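Add 6 to a position in the sequence shown, counting from 1, and you land on the number used in our numbering. The structure under discussion appears below in the form of C-alpha cells.
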Amino acid sequence: MLTGRKLALTLAFTLLVAVAFGVSCRGFFVNPTLASITIQPTAPSVQLGDSVTLQAYGVDNENPPVGSYLRNGVSWSTSNAAVAAITGTCATQTCGSATLTGVATGTATITASSESVTNTATATVYITISAIGISPTSASISASGNQPFLVYANNDPSLTNPSDNLSSGATVTVTQNGQAVTTITCTYVSSDTPPDQVCTAAAATASPPSYTVTATYPGTTLTATATLNITGP
C-alpha cells in the first residue's frame, strides 16, 4: 500500500517538474510570434515589362531567434503601381511570395506586412540602353532665350516606346571649348509634351559663339551631344 502511494507521489512530482520546466523554457509552449520581416531581394530590380519574385523572410521572437521564408499570410503593396506593380493573387489577398512587374522606368517602395510587422524595399524598374541620343542636334536661341532638348534611348527619338524618354533621369551640361558654362543651365520640365530638358541662356550669355550640349545617363558611359548657338541679345 505504501509502495503504491510512494509510486503515485513520485509520478506526480515528476509531472510537476516537467510542467515547471516547460513553463520556464517555453511559457506553456506558447507559439512564437513574428519579430521582424525582410523582403528578399532587399533591393529588387526588374527590367521594364518583365517580372521577378519577391519573398518575405521572417524571424520570430524565440531565443535564439528562428528565421524562415513565410509561405502565407503576407500582405504586399507598392507605392506606385504605375512604375512597379504587385501582380497576381498577391495584389488582392495575403500570400507568401509575390510577383513584381515592371510597368515604367523609375522606383517604387514595396511594403510587406504580416502579424503587424512591416518592412519596405525600394524597387527599381530599368530598361536596357544600347545608345542615347539628343534632339535637336543643333539649335539657335537669343540670349535670355530657351531651347528644349529631348534625351532618348535606343535610337528612338519618336518615342514609339515611351520609356525610351530618358529626359527625367539624364544629366545635361553645356560647355564651350571644353570648359563648363554657367550662363546656360538645363533643367527637366515634366509639363512639356513630351517631358524634356530645357536649356535657358542668361541675358549675359556671349554671342555669337556656339556651345556644346552634352547628355549623359546614370549607369552608362553613353553620351549624346548637340550644338547650341546664341544669336544675339
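Glycine included, each C-beta is placed from N, C-alpha and C at the ideal position. This one's a predicted model, so the numbers in the text were calculated from it and none came from an experiment.
Comparing alpha-carbon positions, which option in 59, 44, 67 and 228 lies nearest residue 157? The residue you call residue 157 lines up with position 151 of the sequence shown. When C-alpha distances from residue 157 are compared across 59, 44, 67 and 228, the shortest belongs to 228.
Opposite residue 112 in the DSSP bridges: which residues? Residue mapping note: residue 112 aligns to position 106 of the sequence shown, counting from 1. Beta bridge pairing from DSSP links residue 112 with 131.
Expressed to the nearest angstrom, what Euclidean distance is found between the alpha-carbon atoms of residue 117 and residue 213? Taking the first residue of the sequence shown as 1, we reach residue 117 at position 111. Taking the first residue of the sequence shown as 1, we reach residue 213 at position 207. If you draw a straight line from the Cα of residue 117 to the Cα of residue 213, it comes to about 53 Å.
CB-CB length for residue 182 against residue 192, believed under 8 Å: Stepping through the sequence shown from its first residue, residue 182 is reached at position 176. Stepping through the sequence shown from its first residue, residue 192 is reached at position 186. So it is not a contact: roughly 14 Å between Cβ atoms.
May I ask you to report which of helix, strand or coil DSSP gives residue 4? Past the edges of the chain, shown from 7 to 239, lies residue 4, and the structure says nothing about it.
Between which two residues does the beta strand (DSSP E) holding residue 221 run? By 1-based counting over the sequence shown, the position of residue 221 is 215. Where residue 221 is concerned, the enclosing beta strand (DSSP E) stretches over 216-222.
So, at 7 Å on beta carbons, what are the nonlocal neighbours of residue 144 in its own chain, with the 5 sequence-adjacent residues on each side left out? For this step, residue 144 is matched to residue 138 along the sequence shown. Contacts found: 232 and 233.
In the DSSP assignment, find the unbroken beta strand (DSSP E) run with residue 198 in it and report its ends. Start at 1 with the first residue of the sequence shown, and residue 198 comes out as number 192. No beta strand (DSSP E) holds residue 198; DSSP gives it neither H nor E.
Whole-angstrom distance between residue 88 and residue 209, CA atom to CA atom: Within the sequence shown, the letter at position 203 stands for residue 209. Within the sequence shown, the letter at position 82 stands for residue 88. Approximately 40 Å, taken between the alpha carbons.
Beta-carbon contacts of residue 126 that lie in its chain and below 8 Å, excluding the five residues immediately before and after: To locate residue 126, count along the sequence shown from 1; it is residue 120. The residues 45, 115, 116, 117 and 118, in chain order, have a CB closer than 8 Å to that of residue 126 in the same chain once the five nearest residues on each side in sequence are set aside.
So the candidates are 139, 109 and 50; which of them puts its Cα closest to the Cα of residue 164? In the sequence shown, the residue the question calls residue 164 occupies position 158. Ranking the options by Cα distance to residue 164, first place goes to 139.
In chain order, which beta strand (DSSP E) runs of at least 3 residues are fully inside the segment 81-112? 81-84, 90-93 and 104-108, all fully within the segment 81-112.
Suppose the cutoff is 8 Å on Cβ atoms and the five residues either side in sequence are ignored; what does the same chain contact list for residue 73 look like? By one-based count along the sequence shown, residue 73 stands at place 67. So the list reads 63, 64, 65 and 66, once near-sequence residues are dropped.
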